[in-house]
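The working numbering applies: residue 26 is where the sequence shown begins, and numbers increase by one.
For every residue, glycine included, the Cβ atom is placed at its ideal position computed from N, Cα and C.
Below is one structure, written out as structure tokens, with a few remarks after it.
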Amino acid sequence: MNNKLAVFGGKPIIKKKIPKYSSIGKNEIKSVNRVLKTGSLSGFYGSWRNGFFGGKEVKNLEKRWSKQFNCEHSISMNSNTSGLYCAMGAIGLSPGDEVIVPATTMSATAMCPLIYGGIPVFADIEDDTFSICVKNVKKLINKKTKAIIAVNLFGHPAELKKLRKLANKHKIYLIEDNAQAIMAKEGKDYCGTIGHIGVFSLNYHKHIHSGEGGICTTNDDYLAKRLQLIRNHAEAVVEDAKVQDLVNLVGFNLRLTELSAVIAKEQLKKLSRHVSKRIDFGLEMCEGVKSLKIRGIETPKIRSDCTHSFYNWVIKYDEKKYGVKRANLVKALQCEGVPCFSGYVKPLYLLPIFQKKIAIGNKGFPFNVSSVNYDKGICPTAEDLFENKIVGLECCAYDYSKNTQKKIVNSIEKVFSSIEKLKDIKLKE
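Listed below in structure tokens is the structure:
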């Protein structure tokens with residue numbers, strides 16, 4: 026191995042760019058062409074008739090999704106974000122109601138309560154699995170709490186069964202944001218099916234995709250009907266549909282097209298194969314890095330009862346062990362050809378929308394009906410992981426071969442063997 030780091034002019038271990046991952050093949054193209062030839066690109070109608078629930082391909086996808094994940098109802102959406110919005114409406118969220126969300130997650134998780142005037146309350150995350158901390162959630166539940174949103178971050182399940190039990194005890198809802206953890210499991214149960222509502226993503230950089238899209242799953246008939254109504258034009262059909270509970274039944278037109286549905290249906294056939302490939306990559310990365318016995322890094326923790334689906338492969342780096350800034354480590358790895366990132370996302374309460382408490386209109390709504398604290402420091406673990414520790418690889422963004430996986434491990438070994446040379450210099454990621 027050439028030990029001169031690429032960041033200092035040495036030869037990188039990975040010389041060619043790692044190819045991007047694409048799950049689209051001949052069957053998707055064939056199916057899209059078939060639908061195009063019909064001329065019916067959407068089967069939805071906004072009035073109370075059969076088409077209110079979508080066209081042939083949408084219904085077919087929903088049926089297959091329910092069978093795959095052993096759930097009663099699957100309701101397609103045009104995105105995971107849309108699914109989260111509809112979930113908040115379906116549970117009857119009202120202005121001033123509080124929804125407990127993890128500090129570290131994609132922004133949509135914390136935005137969805139705001140749509141209905143709800144207040145996001147941020148819980149800290151676990152230091153090892155990066156999931157919402159159950160102990161912290163318990164402390165945050167009060168009379169205003171309407172729901173908990175658990176995010177199965179990076180592909181690892183949150184403590185969903187504990188959270189469901191907690192939600193049931195307090196007569197509140199558990200919503201799963203399962204955008205990153207398709208096929209992950211807690212015990213024998215799929216993530217996305219343990220909460221009252223689960224929300225899946227079909228965005229283009231997930232394990233499978235339809236460009237954009239999402240699916241809500243539930244075993245509750247009442248919630249399923251409300252999700253279907255809000256997805257379309259609820260307000261136009263409640264009279265004909267003889268709906269009594271009108272709370273939040275304002276439709277958003279968040280419907281999936283026939284084209285997206287047929288792509289998703291073909292992708293679903295490949296799901297096990299694609300996820301298995303990511304799991305193999307993630308586990309082999311764990312084994313490879315552990316074999317190096319490097320001080321100061323921790324590979325992903327996988328709870329004994331869980332299946333990790335590895336949307337991202339994320340390690341923790343301890344700067345104090347070497348006195349080397351994480352930014353220098355990441356830059357050195359990137360120069361070796363490793364497409365890694367640091368920090369993931371800033372804890373969401375530090376975003377301007379929460380720091381300035383401006384969301385809906387210019388008068389501070391809905392924050393002006395609440396005294397919830399969004400000060401820096403409220404979720405110290407999330408802040409520390411973001412600012413100092415997280416280093417990761419996007420498992421679904423690239424098509425990693427076995428050889429590339431080994432080269433990534435070799436790159437990590439190379440950089441850490443010369444890590445002292447990264448001290449006292451400033452490198453930009």
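- Item | Cβ-Cβ distance between Y215 and K171 below 8 Å | On the sequence shown, position 190 is the one that residue 215 refers to. On the sequence shown, position 146 is the one that residue 171 refers to. Their beta carbons are not under 8 Å apart, which means Y215 does not touch K171 by this criterion.
- Item | Chain-order list of residues whose beta-carbon lies under 8 Å from that of I43 (same chain, five-residue window excluded) | Residue 43 sits at position 18 when you count from the first residue of the sequence shown. Once the five neighbours on either side are set aside, the close Cβ partners of I43 are G362, P364, Y423, D424, Y425, T429.
- Please list, in chain order, all residues of the same chain as E412 whose beta carbon is under 8 Å from its beta carbon, the five residues on each side excluded. Counted from its first residue, the sequence shown places residue 412 at position 387. Excluding residues up to 5 positions away in sequence, G368 lie with their Cβ nearer than 8 Å to the Cβ of E412 in the same chain.
- For I219, collect the residues of the same chain with a Cβ closer than 6 Å to its Cβ; drop the 5 residues on either side in sequence, then sort them by chain order. Within the sequence shown, the letter at position 194 stands for residue 219. Excluding sequence neighbours, I219 sits near L185, R189.
- Item | the stretch 94–103 / the stretch 118–126 touching (three or more Cβ pairs under 8 Å) | Touching, no, given that fewer than three Cβ pairs across the two stretches are closer than 8 Å.
- Message: Using the Cβ count rule (16 or more neighbours within 10 Å means buried), how would you classify P372?
- Response: If you number the sequence shown from 1, residue 372 lands on position 347. Classification of P372: buried, given that the 10 Å Cβ count is 16 or more.
- Message: Quick test of your reading: S67 and R280, contact by CB under 8 Å. State the CB separation rounded to the nearest angstrom.
- Response: Indexing the sequence shown from 1 puts residue 67 at position 42. Indexing the sequence shown from 1 puts residue 280 at position 255. Rounded, the Cβ-Cβ distance is 7 Å, consistent with contact.
- Element boundaries [beta strand (DSSP E), containing V176]: Position 151 of the sequence shown holds residue 176. Counting along the chain, the beta strand (DSSP E) containing V176 begins and ends at 170–176.
- Query: Which ranges would you report for the beta strand (DSSP E) in the stretch 231–284 if only whole runs of at least 3 residues count?
  - Reply: Counting only runs of 3 or more residues that sit fully inside the stretch 231–284, the beta strand (DSSP E) segments are 239–243, in chain order.
- Message: In whole angstroms, give me the CA-to-CA distance for I207 and K45.
- Response: Taking the sequence shown and counting its residues from 1, the one referred to as residue 207 is at position 182. Taking the sequence shown and counting its residues from 1, the one referred to as residue 45 is at position 20. Rounded to the nearest whole angstrom, the CA to CA distance from I207 to K45 is 20 Å.
- Query: Taking the alpha-carbon positions, what's the K187 to A175 distance?
  - Reply: Counting from 1 along the sequence shown, the entry for residue 187 is found at position 162. Counting from 1 along the sequence shown, the entry for residue 175 is found at position 150. Going by C-alpha positions, K187 is about 11 Å away from A175.
- List the endpoints of the continuous alpha helix (DSSP H) containing L358. Counting from 1 along the sequence shown, the entry for residue 358 is found at position 333. Here the alpha helix (DSSP H) through L358 covers 351–360.
- For the alpha helix (DSSP H) holding W90, just list the boundary residues, first then last. The residue given as residue 90 occupies position 65 in the sequence shown. Per DSSP, the unbroken alpha helix (DSSP H) holding W90 starts and ends at 81–94.
- Taking Cβ positions, are C421 and H230 nearer each other than 8 Å? One-based indexing of the sequence shown puts residue 421 at position 396. One-based indexing of the sequence shown puts residue 230 at position 205. In contact: C421 and H230 (Cβ atoms closer than 8 Å).
- Enumerate in chain order the residues of its own chain whose CB-to-CB distance from K350 is below 7 Å, with the five nearest sequence positions on each side excluded. As a working mapping, residue 350 is identified with position 325 in the sequence shown. Only E344 meet the Cβ criterion.
- Please look up how many angstroms separate the CB atoms of H299 and H232, rounded, as I've assumed it's under 8 Å. The residue you call residue 299 lines up with position 274 of the sequence shown. The residue you call residue 232 lines up with position 207 of the sequence shown. Taking 8 Å as the upper bound for CB-CB distance, H299 and H232 are in contact here, some 5 Å apart.
- Starting from V126, follow the beta strand (DSSP E) in both directions and report where the run begins and ends. Numbered from its first residue, the sequence shown carries residue 126 at position 101. Looking at the DSSP string, the run of the beta strand (DSSP E) that includes V126 is 123–127.
- Query: If you count every other CB in all the chains shown that lies within 10 Å of the CB of S316, and 16 or more means buried, which is it?
  - Reply: Position 291 of the sequence shown, counted from the start, is the residue given in the question as residue 316. It counts as exposed.
- Any alpha helix (DSSP H) of 4 or more consecutive residues that is wholly inside the stretch 110–156: For secondary structure counted as the alpha helix (DSSP H) over 4 or more consecutive residues, the stretch 110–156 holds these complete runs in sequence order: 133–136.
- Query: Could you check where the alpha helix (DSSP H) with E312 kicks off and where it finishes?
  - Reply: Within the sequence shown, numbered from 1, the residue matching residue 312 stands at position 287. Per DSSP, E312 is one residue of the alpha helix (DSSP H) stretching across 296–317.
- Just the C-alpha distance for N257 and M113, rounded to the nearest angstrom, thanks. By one-based count along the sequence shown, residue 257 stands at place 232. By one-based count along the sequence shown, residue 113 stands at place 88. Straight-line Cα distance between these residues: approximately 15 Å.
- Task: Whole angstroms is fine: what's the gap from T154's alpha carbon to E312's?
- Result: Here residue 154 refers to the residue found at position 129 when the sequence shown is read from its first residue. Here residue 312 refers to the residue found at position 287 when the sequence shown is read from its first residue. Their Cα atoms are separated by approximately 17 Å.
- When F306, K432, K346 are compared against K414, the one with the closest alpha-carbon: One-based indexing of the sequence shown puts residue 414 at position 389. Comparing alpha carbon positions, the residue from F306, K432, K346 closest to K414 is K346.
- Going by C-alpha distance, which of V434, I383, I140, N387 is nearest W338? Numbered from 1 along the sequence shown, position 313 holds the residue referred to as residue 338. The residue with the shortest Cα to Cα distance from W338 is V434.
- Query: Which parts of the stretch 163–221 are runs of the alpha helix (DSSP H), unbroken and 4 residues or longer, counting only runs that do not cross its ends?
  - Reply: Taken in chain order, the unbroken stretches of alpha helix (DSSP H) that lie wholly in the stretch 163–221 and span 4 residues or more are 185–195.
- Message: Between which two residues does the alpha helix (DSSP H) holding K341 run?
- Response: Counting from one through the sequence shown, the residue named residue 341 turns up at place 316. Boundaries around K341 are those of the beta strand (DSSP E), 337–342, since no alpha helix (DSSP H) includes it.
- Could you say which of K88, V397, L284, N52 lies nearest to T242 if we only look at CA atoms? As a working mapping, residue 242 is identified with position 217 in the sequence shown. Looking at K88, V397, L284, N52, the one whose alpha-carbon comes closest to that of T242 is K88.
- Item | Best match in C111, F69, K446 for proximity to F277 [C-alpha to C-alpha] | By 1-based counting over the sequence shown, the position of residue 277 is 252. Distance check between F277 and each of C111, F69, K446 places C111 closest, using alpha-carbon atoms only.
- Taking the alpha carbon of A128 as the point to measure from, which residue in I150, F441, S72, G79 has its own alpha carbon closest? Stepping through the sequence shown from its first residue, residue 128 is reached at position 103. Of I150, F441, S72, G79, the residue nearest in Cα terms is I150.
- Item | Alpha-carbon spacing of S334 relative to K388, whole angstroms | Here residue 334 corresponds to residue number 309 of the sequence shown, with the count starting at 1. Here residue 388 corresponds to residue number 363 of the sequence shown, with the count starting at 1. Taking C-alpha positions only, S334 is separated from K388 by approximately 43 Å.
- Message: Spatial neighbours of M310 within its chain, please: C-beta separation below 8 Å, excluding the five flanking residues on both sides.
- Response: Position 285 of the sequence shown, counted from the first residue, corresponds to residue 310. Counting only Cβ-Cβ distances below 8 Å, and skipping sequence neighbours, we find T324, W338, L418, Q430, I433, V434.
- Backbone secondary structure at F33 - three-state DSSP: Position 8 of the sequence shown holds residue 33. If DSSP states are grouped into helix, strand and coil, F33 belongs with the helices.
- Query: Just checking my contact of I437 with L358 at CB under 8 Å: how many whole Å lie between their CB atoms?
  - Reply: Along the sequence shown, one-based indexing puts residue 437 at 412. Along the sequence shown, one-based indexing puts residue 358 at 333. Confirmed, about 7 Å.
- Task: Please name the residue, chosen from I240, K341, A286, V60, that lies closest to D152 on a Cα-to-Cα basis.
- Result: For the purposes of this step, residue 152 is taken as residue 127 along the sequence shown, with counting starting at 1. The shortest C-alpha to C-alpha distance from D152 to any of I240, K341, A286, V60 is the one to K341.
- Item | Nonlocal neighbours in the same chain, by C-beta distance under 6 Å from K451, ignoring five residues either side | Against the sequence shown, residue 451 aligns to sequence position 426. Beyond the five residues adjoining it in sequence on each side, K451 comes within less than 6 Å, by CB distance, of no other residue in the same chain.
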